[in-house]
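Shown next, in structure tokens, is the structure this report addresses.
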Amino acid sequence: MKTALLALAIMAALICAIEAQYYRRSVLIGRVRPLIRDYETHYNRHRQSNRGLADRLDRELRIIRELERDLRGASYNLDYWRYQAYEERLIRHEKRLKELLREKIQEEELDVDSRDDDNDDEY
């Protein structure tokens, strides 16, 4: 009886370990998809108006899609180090999107300031 309970406990622990491995991978994929949507949204918004920014967003978008393919191709049992590497790549791309958009806002502010200076000279 005790061995049967011990065997059940071991099986339950193994099942939980397998589920935890799958969960980590699916959590990362779940974080990649919204990031791809954000990049696509900003790319489509700036595709006509700001070609330089759209090109940079497109390059980043390709890299993130490659990350998603890597995650999908990864085995279901990611070890800790591979999981950390994927997560660091994801965080780096999230920061990169914020930087690109911040640069865009700063460029727009500089354009507005320069137009204001030009208008001041006319009066």
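Every letter in the sequence shown is one number past the one before it in our numbering, and letter 66, counting from 1, is 245.
For glycine and all other residues, C-beta sits at the position ideal for the given N, C-alpha and C.
It should be emphasised that the depicted structure is a prediction, and the values quoted were computed from it without experimental measurement.
- Under the Cβ criterion (8 angstroms, minimum of three pairs), the segment 219-228 does not count as touching the segment 241-255.
- The criterion of a C-beta distance shorter than 8 angstroms is not satisfied by leucine 246 and leucine 279.
- Minimum Cα-Cα distance from histidine 221 among the listed residues Leu276, Glu287, Leu185 corresponds to Leu276.
- Check the Cα spacing between leucine 207 and each of Ile243, Ile194, Lys283: the tightest is with Ile243.
- DSSP places asparagine 229 in the coil class of the three-state scheme, outside both helix and strand.
- Assigned with DSSP and collapsed to three states, methionine 190 falls in helix.
- In terms of Cα proximity to lysine 283, the closest of Leu185, Arg235, Ala183 is Arg235.
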